[in-house]
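Residue numbers (the UniProt record's numbering), protein chains in the order written: chain A, 1 to 291; chain B, 1 to 460. Cβ atoms here follow ideal geometry from the backbone N, Cα and C, with glycine treated the same way. All figures in this text were calculated on a predicted structure; none of them were measured in a lab. Have a look at the structure below, then the notes.
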Ligand SMILES: Nc1ncnc2c1ncn2[C@@H]1O[C@H](COP(=O)(O)OP(=O)(O)OP(=O)(O)O)[C@@H](O)[C@H]1O
Ligand code: SF4
Ligand SMILES: [Mg+2]
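Printed below as a string of structure tokens:
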């Protein structure tokens, strides 16, 4: 009896830290002995860079552009800890259809039964920031990923994006698609940031899988073309990623998300904005008194 | 870290693999043309989710200007379509499709609906699967196949439709096997102008030696009861150079069914008898009945051939000696085999036009190299009619006018070459074809009639 493959998709606003977080999760899972594939579903094709010394690999669509037929294995490259790295790739910005590109790349691996043949434990899809069209929703359709995690900071824009994503997942979950696993709260360093993201999580009844602080270790590791797990295995940040990876590996039950509607979201953020202004005024007042 | 994939790309790219470009006078249609494969199953109605014109174009080309076969119970103009346009492109067409399926159920009576997608939904990534699954869950007999034109031609589409029905409708195997029951996967419905008569003859032959036949497509199929019965069959018979192999492999995996692959569709007594003996041996049939059937068929066949020899020997001076075939690999191989081994004609040029998958091409070449113990033919795979016609012009037909087995696209060429044309494939726009067949024992006689009527009337 074949083991059950776990397929996970990571979504979130552009630049929020999806690829960084995903690569560290993959690295930590590989370190723990899992057979992992990381699938970059983003035309930038940079998802797996820090798993491969900062180097770009040819994407599925690069290969397809050269030739009509692609053997899926031609697009799979081994990275840190034996992680199988794949980049979907896509057309140049401003031309072609990137969404169709993602569909094609996902179909190609599925059709050629690569996941079964490689006997994987976990596949993680690192999906482009905004789910702009049907193509970018492919990883959460029935039969592909069953759990979605969203990376969000406490910035309102990131939270809006997360809430939008919840709406997308809600739609797909009705038709057998993926369910929401939880929020990975990235760049959370202060109590205040934590309060904001906690409140959003509570309002949408979503678990927070892990708080990940913003850390220079991550930047340094990235500059050396590596994940934090590889570059600074002893660091506290690496342990945060290990804990996150463990939770994801053990995660079994996802749920249909309950996003805020647009009015609720506006009211929610307005309340926090007032709160922020009040806090800032109090802070200014205090520093004036001190002076 | 070196950039090394798990498997490296072969640096040498075989020239066939990627040849694509503009095609003049096409010899197939796009993948959604497989709506006619669905319509070829009695009481099955295709539903198309595509742009305006996609479905009509397939039907007119495949079923009208190709033997004027007509649309069938649920094909052609009956086919409901979402007629997707700008709105469905921008906002997605899933809701429109849902609405169409709902209303189709109200007005059309079918045993099964097959949703086929065109380029628009496949490009924008409509989740057609989830729409169709909703209906399946409610017990509606419906399946879907993704057949956008960019995925390939109607051969690809046919395989997608077949797979969809097997995977989504036929259901798992209950462990029961019926000895002597066979599923036949052979000619492509509608694309092959004579498929109805041919499948009838193939079924007749197999029944003649004692098999029970799921012929699956065409007027001689019992429809979906045959499809539900697929897993019970003793084996699958793939009777074509490559089409149907993927289906047989799928069934081998899914329901552990063995298959017999016979690339040459039999034409004439010699080939038909050999075919039947091969099938009988695979199926483990008692030889008395098989031989008795073969004997009675051959007696009848040679009786006619006997009469034909008077004509053949008198008229020899006016009959062509060299021939060319332009067509799908199935008919091309079958005809070449018959014309060489039974009539002694000399092959001058054989061109295979359906763009078979690269992985099957060597096997197809090998079949042609083995036409007879002393005849080996080198074929070309060409889709573009300009190139096809150039290639035929440059072939050596000796001193007599050539006979070309081809399509309507060869009309002008044959006039120019002062030869004869027998239309045997898509598009055959100067043939009206109902139940005529060119295969088996009986079909071979019709083929002879057609060939030599064409030749003798040439000077009329
Ligand atoms: N916890 C963190 N600590 C420090 N830097 C971080 C952290 N998370 C992300 N970053 C930095 O933020 C930048 C953007 O991260 P990343 O590329 O992972 O985002 P992304 O969501 O994948 O972006 P895109 O949507 O463009 O693909 C990177 O330079 C990364 O190193
Ligand atoms: S190629 Fe696409 S657009 Fe053209 S007919 Fe086929 S499905 Fe329609
Ligand atoms: Mg990224």
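Drop a sphere of 10 angstroms on the beta-carbon of residue 373 of chain B, count the other beta-carbons inside from all chains shown, and report buried for 16 or more, exposed for fewer.
Looking up residue 373 of chain B in the second chain gives position 373. Counting Cβ neighbours within 10 Å, residue 373 of chain B comes out exposed, since fewer than 16 surround it.
Indicate, with yes or no, if ligand 3 has a heavy atom lying under 8 Å from the CB of residue 6 of chain A.
Position 6 of the first chain, counted from the start, is the residue given in the question as residue 6 of chain A. No, since every heavy atom of ligand 3 falls outside the 8 Å radius drawn around the Cβ of residue 6 of chain A.
Report whether the distance from the Cβ of residue 139 of chain A to the nearest heavy atom of ligand 1 is below 8 Å.
Here residue 139 of chain A is taken as the residue at index 139 of the first chain, counted from 1. Checking every heavy atom of ligand 1 against the Cβ of residue 139 of chain A, none is found closer than 8 Å.
Just checking my contact of residue 193 of chain A with residue 240 of chain A at CB under 8 Å: how many whole Å lie between their CB atoms?
The residue given as residue 193 of chain A occupies position 193 in the first chain. The residue given as residue 240 of chain A occupies position 240 in the first chain. Incorrect: roughly 15 Å between the Cβ atoms, too far for contact.
Could you tell me the alpha carbon to alpha carbon distance between residue 200 of chain B and residue 220 of chain B, rounded to whole angstroms?
Stepping through the second chain from its first residue, residue 200 of chain B is reached at position 200. Stepping through the second chain from its first residue, residue 220 of chain B is reached at position 220. Answer to the nearest angstrom: the Cα atoms are 6 Å apart.
At 4 residues or longer, what runs of the alpha helix (DSSP H) sit wholly inside the region 119 to 158 of chain A?
You should have found no qualifying run.
What span of residues does the alpha helix (DSSP H) with residue 290 of chain B cover, start to end?
As a position in the second chain, residue 290 of chain B is number 290, starting the count at 1. It spans 287 to 314 - the alpha helix (DSSP H) in which residue 290 of chain B sits, taken as one unbroken run.
Verify the CB distance criterion: does residue 222 of chain A have a CB-CB separation below 9 Å to chain B?
Counting from 1 along the first chain, the entry for residue 222 of chain A is found at position 222. False, the Cβ-Cβ gap to chain B never drops below 9 Å.
Does the Cβ of residue 146 of chain A have 16 or more other Cβ atoms within 10 Å, making it buried, or fewer, making it exposed?
Residue mapping note: residue 146 of chain A aligns to position 146 of the first chain, counting from 1. The residue in question, residue 146 of chain A, is buried, as its Cβ has 16 or more Cβ neighbours within 10 Å.
Evaluate residue 434 of chain B with the Cβ neighbour count: other Cβ atoms within 10 Å of its Cβ, from every protein chain shown; 16 or more gives buried, anything less gives exposed.
Position 434 of the second chain, counting from 1, holds the residue named residue 434 of chain B. Flag for residue 434 of chain B reads exposed.
Considering only residues of the same chain and omitting the five flanking positions on each side of residue 63 of chain A, which have a CB-CB separation below 8 Å?
As a position in the first chain, residue 63 of chain A is number 63, starting the count at 1. Closer than 8 Å at Cβ, skipping near neighbours: 70, 74 and 75.
What residues from the region 96 to 122 of chain A come within 7 Å of chain B, judged by C-beta to C-beta, listed N to C?
Here the close residues are 97, 99, 100 and 103.
Which residue's Cα is closest to the Cα of residue 167 of chain B: B:110, B:430, B:185 and B:228?
Walking along the second chain from the start, residue 167 of chain B turns up at place 167. Selected option, being the one with the closest Cα: B:228.
Please output, in chain order, the residues near ligand 3 using a CB cut-off of less than 7 Å to any non-hydrogen atom of the ligand.
That query returns the following residues: A:18, A:19, A:42, A:44, A:46, A:47 and A:126.
Taking Cβ-Cβ distances shorter than 7 Å, what residues in chain B pair up with residue 73 of chain A?
As a position in the first chain, residue 73 of chain A is number 73, starting the count at 1. Under the 7 Å cutoff, chain B gives 5, 6 and 7.
Spell out whether any CB of chain A is found under 9 Å from the CB atom of residue 130 of chain B.
Position 130 of the second chain, counting from 1, holds the residue named residue 130 of chain B. True, the Cβ-Cβ gap to chain A drops below 9 Å.
Compute the distance between the beta-carbons of residue 84 of chain A and residue 8 of chain A, then report whether it is under 9 Å.
Along the first chain, one-based indexing puts residue 84 of chain A at 84. Along the first chain, one-based indexing puts residue 8 of chain A at 8. No, the pair does not count as a contact, with Cβ atoms beyond the cut-off.
Let me check you understand the geometry: is the CB of residue 407 of chain B closer than 8 Å to at least one non-hydrogen atom of ligand 2?
Along the second chain, read from residue 1 onward, the residue named residue 407 of chain B stands at position 407. Residue 407 of chain B Cβ: outside cutoff for every heavy atom of ligand 2.
So with Cβ pairs under 9 Å, would you call residue 185 of chain A a contact of chain B?
Position 185 of the first chain, counted from the first residue, corresponds to residue 185 of chain A. Not an interface residue.
In the DSSP assignment, what residue or residues form a beta bridge with residue 117 of chain B?
Looking up residue 117 of chain B in the second chain gives position 117. BP columns for residue 117 of chain B point to B:49 and B:146.
Ligand 1 and residue 209 of chain A: does any heavy atom of the ligand fall closer than 8 Å to the residue's C-beta?
Here the question's residue 209 of chain A lines up with position 209 in the first chain. No, since every heavy atom of ligand 1 falls outside the 8 Å radius drawn around the Cβ of residue 209 of chain A.
At which residues does the alpha helix (DSSP H) containing residue 87 of chain A begin and terminate?
The residue labelled residue 87 of chain A in the question sits at position 87 within the first chain. Counting along the chain, residue 87 of chain A falls outside any alpha helix (DSSP H), though it belongs to the beta strand (DSSP E) covering 84 to 87.
Secondary structure at residue 15 of chain B, three-state DSSP: helix, strand or coil?
For the purposes of this step, residue 15 of chain B is taken as residue 15 along the second chain, with counting starting at 1. A caution first: residue 15 of chain B carries a pLDDT of 47, below 50, which makes its placement in the model unreliable, though a value can still be read off. Three-state result, residue 15 of chain B: coil.
Sorted by chain position, which residues of the same chain lie with C-beta nearer than 6 Å to residue 275 of chain B's C-beta, five sequence neighbours on each side aside?
The residue labelled residue 275 of chain B in the question sits at position 275 within the second chain. Excluding positions up to five away in sequence, the list reads 266.
With 8 Å as the C-beta to C-beta threshold (strictly closer), list the residues of the region 209 to 243 of chain A near chain B in chain order.
Residues passing the 8 Å Cβ filter: none.
DSSP three-state label for residue 191 of chain B, please.
By one-based count along the second chain, residue 191 of chain B stands at place 191. Residue 191 of chain B falls in the coil class under three-state DSSP.
Using the beta carbon as the reference atom, which residues fall closer than 6 Å to any heavy atom of ligand 2, ordered along the chain?
Qualifying residues, in the order they occur: B:30, B:32, B:50, B:51, B:54, B:57, B:118, B:119, B:148 and B:149.
Where DSSP assigns a beta bridge to residue 9 of chain A, which residues make up the other side?
Taking the first chain and counting its residues from 1, one reaches residue 9 of chain A at position 9. Answer is A:125 and A:148, bridged to residue 9 of chain A.
Whose Cβ in chain A lies nearer than 8 Å to the Cβ of residue 116 of chain B?
Residue numbering aside, residue 116 of chain B sits at position 116 when the second chain is read from its first letter. By Cβ distance, chain A contributes nothing, its closest Cβ being about 17 Å from residue 116 of chain B, past 8 Å.
Report, in whole angstroms, the separation of the C-beta atoms of residue 122 of chain B and residue 148 of chain B, which I expect to be a contact under 8 Å.
The residue you call residue 122 of chain B lines up with position 122 of the second chain. The residue you call residue 148 of chain B lines up with position 148 of the second chain. With 8 Å as the limit, residue 122 of chain B and residue 148 of chain B qualify as a contact, their Cβ atoms being about 3 Å apart.
Whole angstroms is fine: what's the gap from residue 430 of chain B's alpha carbon to residue 74 of chain B's?
As a working mapping, residue 430 of chain B is identified with position 430 in the second chain. As a working mapping, residue 74 of chain B is identified with position 74 in the second chain. Whole-angstrom Cα-Cα distance: 25 Å.
Among B:113, B:326, B:268 and B:158, which has the Cα closest to the Cα of residue 142 of chain B?
On the second chain, residue 142 of chain B is found 142 positions in, with the first residue counted as 1. For the residues B:113, B:326, B:268 and B:158, the minimum Cα distance to residue 142 of chain B belongs to B:113.
At least one CB of chain A closer than 9 Å to the CB of residue 124 of chain B: is that the case?
By one-based count along the second chain, residue 124 of chain B stands at place 124. Residue 124 of chain B counts as touching chain A.
Mind checking who residue 37 of chain A pairs with in its DSSP beta bridge?
Along the first chain, one-based indexing puts residue 37 of chain A at 37. Paired residues: A:84 and A:123.
For residue 384 of chain B, which of helix, strand or coil comes out of DSSP?
As a position in the second chain, residue 384 of chain B is number 384, starting the count at 1. DSSP places residue 384 of chain B in coil when its eight states are reduced to three.
For chain B, is any of its Cβ atoms less than 9 Å away from the one on residue 1 of chain A?
If you number the first chain from 1, residue 1 of chain A lands on position 1. Any reading at residue 1 of chain A must be qualified, since the residue scores a pLDDT of 41, below 50, and its modelled position is unreliable; no value is offered.
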